[in-house]
Amino acid sequence: MIVGGWMPARVSTVTASTTNARILEIVVPGWPGNLPGQHLDIRLTADDGYQAERSYSIASSGPGEVVELGVDEVPDGEVSPYLTQVIEPGDELEVKGPLGGYFVWHADDPSPVQLIAGGSGIVPLLAMARARASARVSTPFRLLYSVRTRADAMYADEIDGLAAQGIEVTWAYTREAPAGWAGTTGRLTPQALAASVWPAAENPLTFVCGPTGFVEASADALVAGGQNAARVRTERFGGA
Amino acid sequence: MAVISRGFGRRARESDPKLPPGQYLTEDFPVLSAGPTPRIDTDQWAFRIVTEKNLATTWTWADLMALPIETIDTDIHCVTRWSKLGTTWRGVSLDTLFKDIDTDYQFAMAHSYGGYTTNIPLADLLGGKSWVAFEFDGKPLEPAHGGPARLLVPHLYFWKSAKWVNGITLQKRDDPGFWEQNGYNLHGDPWTEERYW
Ligand SMILES: Cc1cc2nc3c(=O)[nH]c(=O)nc-3n(C[C@H](O)[C@H](O)[C@H](O)COP(=O)(O)OP(=O)(O)OC[C@H]3O[C@@H](n4cnc5c(N)ncnc54)[C@H](O)[C@@H]3O)c2cc1C
Numbered sequence: 001m002i003v004g005g006w007m008p009a010r011v012s013t014v015t016a017s018t019t020n021a022r023i024l025e026i027v028v029p030g031w032p033g034n035l036p037g038q039h040l041d042i043r044l045t046a047d048d049g050y051q052a053e054r055s056y057s058i059a060s061s062g063p064g065e066v067v068e069l070g071v072d073e074v075p076d077g078e079v080s081p082y083l084t085q086v087i088e089p090g091d092e093l094e095v096k097g098p099l100g101g102y103f104v105w106h107a108d109d110p111s112p113v114q115l116i117a118g119g120s121g122i123v124p125l126l127a128m129a130r131a132r133a134s135a136r137v138s139t140p141f142r143l144l145y146s147v148r149t150r151a152d153a154m155y156a157d158e159i160d161g162l163a164a165q166g167i168e169v170t171w172a173y174t175r176e177a178p179a180g181w182a183g184t185t186g187r188l189t190p191q192a193l194a195a196s197v198w199p200a201a202e203n204p205l206t207f208v209c210g211p212t213g214f215v216e217a218s219a220d221a222l223v224a225g226g227q228n229a230a231r232v233r234t235e236r237f238g239g240a
Numbered sequence: 241m242a243v244i245s246r247g248f249g250r251r252a253r254e255s256d257p258k259l260p261p262g263q264y265l266t267e268d269f270p271v272l273s274a275g276p277t278p279r280i281d282t283d284q285w286a287f288r289i290v291t292e293k294n295l296a297t298t299w300t301w302a303d304l305m306a307l308p309i310e311t312i313d314t315d316i317h318c319v320t321r322w323s324k325l326g327t328t329w330r331g332v333s334l335d336t337l338f339k340d341i342d343t344d345y346q347f348a349m350a351h352s353y354g355g356y357t358t359n360i361p362l363a364d365l366l367g368g369k370s371w372v373a374f375e376f377d378g379k380p381l382e383p384a385h386g387g388p389a390r391l392l393v394p395h396l397y398f399w400k401s402a403k404w405v406n407g408i409t410l411q412k413r414d415d416p417g418f419w420e421q422n423g424y425n426l427h428g429d430p431w432t433e434e435r436y437w
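These protein sequence lines are chains A and B, in that order.
Just so we're aligned: 233 in my numbering is position 233 of the first sequence, and the numbers increase by one with no gaps anywhere.
Just so we're aligned: 361 in my numbering is position 121 of the second sequence, and the numbers increase by one with no gaps anywhere.
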């Protein structure tokens, strides 16, 4: 793992992903590349010298100096509203990374993979799904993505397209389901979770990512449902 | 020289000299761990210290409760950048647990239910610096925060304060634990920002 000091970065593209989330591409000269699932730290400096630092997962992986981030606005937050509303191509910031050696997927691992995302927790998991495609492996993957409403789903079209690559995608809506949706709406129940994940007998490697409360509830339900706790990896983004 | 981010400004927020560099204040209590939360009953719980002679000293929950219990008022700092000021804990000092332990080794590996490990020099554990804590804010420590008992080493980043702790093995060298093998600093001093390798 290579973690040096702060590296200057420049925003190259900014794309709206939902009303509250944006996809940022940043160019980091000398970026050493990263594994799917890793994150970086961002440092913002105001002209009076004030600084704030936060962690963001990386939606891209592999070599190259262009790094993709997906940021969802936390109302009343300090850094995320800047990244989702203010920053524009050409603006500069600093990053440190890549970080984390545990919440990562290795393309040579043949185990079935279960991805479980809540909200912006999709970002590191999408990096894994993308890495599966670029490694041209057919490792069995399933994704369960929980969002408030369809409009809150980051990368919605790309996720719908994962099915064509052989990834089974299950959506869960906590507030409002799209018209014609057959399932129920509300917090993911242990039953609904158990119905869409790989059976414990397949010994899947499971990655759960999202707000703390979502991760806690999902990981508890997996273990209660008989999944091997040692095969369940979690990343908690904070908040409720 | 840091890069200035156009349009980024200070939010009206409290700043506090008790905040180490790069940290921000949080009022809630975030949860961070590598996997699901283990749930351990106090009647199954045990804590042991194992020395280089492979001698193990074991405490049950009742044994722990019979030891002198201290109240700890302290600030805590997580490597993911939140800090919480003025937290109150109750627990047993590692000085008490180490009173009759005979070791020449200078380093320790803390072990947890669920398999987590973290390495800490003895110098950072002894001398009134660490506790096995079982109460937070006047209530039994919740499983999500490491209950029934966690290590509390408040002068280091909080990943050193192993949740669901069940023992300490003395070691000759400062061999890395779980997060230390996965990219975090061997030591973890918040004031000098010992975050990563
Ligand atoms: C390893 C890691 C990876 C992360 N990756 C991403 C990512 O890819 N995309 C992304 O959008 N975010 C990600 N986050 C969360 C991110 O680091 C920030 O916490 C988040 O953007 C809020 O920062 P802020 O400065 O806007 O809010 P702050 O000023 O820090 O907080 C404002 C309030 O919001 C609460 N809060 C903080 N985080 C959240 C949250 N995630 N949900 C709900 N409430 C919250 C705080 O407790 C506080 O009360 C990641 C966090 C970690 C630890």
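Every residue, glycine too, gets a C-beta built ideally from N, C-alpha and C.
{"query": "Chain B contact for residue 8/A (CB, 9 Å cutoff)", "result": "yes"}
{"query": "Reference residue 236/A, options 119/A, 27/A, 24/A and 88/A, closest by Cα", "result": "119/A"}
{"query": "Between the CA atoms of residue 22/A and residue 72/A - distance to the nearest angstrom", "result": "7 Å"}
{"query": "Pick from 48/A, 61/A, 151/A and 224/A that is closest to residue 189/A, judged by C-alpha positions", "result": "224/A"}
{"query": "Cβ of residue 338/B within 9 Å of any chain A Cβ", "result": "no"}
{"query": "Nearest neighbour of residue 15/A, chosen from 146/A, 8/A, 24/A and 9/A [CA to CA]", "result": "24/A"}
{"query": "Inter-residue Cα distance where the pair is residue 151/A and residue 318/B", "result": "33 Å"}
{"query": "beta-carbon residue 274/B near ligand 1 non-hydrogen atom, thresh 8 Å", "result": "no"}
{"query": "For residue 209/A: DSSP bridge partner residues", "result": "117/A and 235/A"}
{"query": "Range covered by the alpha helix (DSSP H) that runs through residue 86/A", "result": "It is not in any alpha helix (DSSP H) - residue 86/A carries neither H nor E in the DSSP assignment."}
{"query": "Segments of 3+ residues assigned as beta strand (DSSP E) that fall wholly inside the stretch 284-342 of chain B", "result": "286-290, 296-300, 310-317 and 322-333"}
{"query": "DSSP state of residue 258/B mapped onto helix, strand, coil", "result": "coil"}
{"query": "Partner residues on chain E for residue 350/B, Cβ-Cβ distance less than 7 Å", "result": "The structure shown has no chain E; the protein chains it does contain are A and B."}
{"query": "Helix, strand or coil at residue 352/B [DSSP, three-state]", "result": "strand"}
{"query": "Any C-beta of chain B under 9 Å from that of residue 270/A", "result": "It is not possible to answer for residue 270/A, since the shown part of chain A is limited to 1 through 240."}
{"query": "Local Cβ density within 10 Å of residue 402/B, reported as buried at 16 or more and exposed below that", "result": "buried"}
{"query": "Residue 16/A, DSSP secondary structure in three states", "result": "strand"}
{"query": "Any beta strand (DSSP E) of 3 or more consecutive residues that is wholly inside the stretch 56-81 of chain A", "result": "66-72"}
{"query": "Endpoints, the beta strand (DSSP E) within which residue 142/A is located", "result": "141-149"}
{"query": "Check: residue 206/A C-beta below 8 Å from any heavy atom of ligand 1", "result": "no"}
{"query": "Contact with chain A by residue 260/B, beta-carbon distance below 9 Å", "result": "no"}
{"query": "Boundaries of the beta strand (DSSP E) in which residue 371/B is found, first to last residue", "result": "371-376"}
{"query": "Proximity test, residue 54/A beta-carbon vs ligand 1 heavy atom, cut-off 8 Å", "result": "yes"}
{"query": "is_contact[residue 274/B, chain A] using C-beta, thresh 9 Å", "result": "yes"}
{"query": "Any non-hydrogen atom of ligand 1 within 8 Å of residue 350/B CB", "result": "no"}
{"query": "C-alpha gap between residue 169/A and residue 197/A, whole angstroms", "result": "10 Å"}
{"query": "Contact under 9 Å by Cβ, residue 59/A with residue 210/A", "result": "no"}
{"query": "Cα-Cα separation, residue 132/A to residue 203/A", "result": "19 Å"}
{"query": "Backbone CA spacing between residue 346/B and residue 363/B [nearest angstrom]", "result": "7 Å"}
{"query": "C-beta neighbour in chain A for residue 244/B, strict 9 Å", "result": "yes"}
{"query": "Nearest neighbour of residue 334/B, chosen from 381/B, 388/B, 242/B and 405/B [CA to CA]", "result": "405/B"}
{"query": "Any non-hydrogen atom of ligand 1 closer than 8 Å to residue 69/A Cβ", "result": "yes"}
{"query": "Cβ shell of residue 2/A (< 6 Å), same chain only, five flanking positions each side left out", "result": "Low local confidence applies: a pLDDT of 49 at residue 2/A is under 50, so the model's placement there is unreliable, and no value is given."}
{"query": "Proximity winner among 425/B, 242/B and 330/B, relative to residue 304/B (alpha-carbon distances)", "result": "330/B"}
{"query": "For residue 441/B, the residue or residues it bridges with in DSSP", "result": "As displayed, chain B neither begins before 241 nor continues past 437, which places residue 441/B out of reach and without an answer."}
{"query": "Beta-carbon contacts of residue 372/B that lie in its chain and below 8 Å, excluding the five residues immediately before and after", "result": "287, 304, 331, 332, 334, 337, 389, 390, 391, 392 and 405"}
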